[in-house]
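Structure first, commentary second.
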Amino acid sequence: MIDICNKNDEFSKNIGREQDKLKAEVLQERIVEYLIEFEWHKKNSIISELDESISKLTPFEQENSERILAIQTHQFNIQEEIKN
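When the count follows this note's numbering, it moves up by one through the sequence shown with no breaks and lands on 91 for the last residue.
This is the structure in structure tokens:
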């Protein structure tokens with residue numbers, strides 16, 4: 008009878024250890040999934056910030072290109088006047 012109880016206790020301990028291992032593996036997997044998702048959100052946030060920066064810069068670039076075109080046109084007109 009004592010032998011059966013000892014085997015039962017050992018079996019229970021083994022099951023407990025296996026459950027602990029499985030819990031640790033599941034927890035580790037969840038942590039990895041969380042870190043991957045966190046990294047994705049972080050990169051997505053950076054992409055959103057860059058998109059906003061680009062949209063803010065676009066009017067300035069357009070304005071600058073319009074100014075450059077106006078200056079070039081003015082320069083061309085002056086050169087034409089000098090020639091005539």
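Glycine is no exception: its CB is placed at the ideal position from the N, C-alpha and C atoms.
Rounded to whole angstroms, the separation of the alpha carbons of isoleucine 53 and isoleucine 61 is 12 Å. In this structure, DSSP gives asparagine 91 a state outside helix and strand, which the three-state scheme calls coil. CA-CA distance, isoleucine 38 to glycine 23, rounds to 22 Å.
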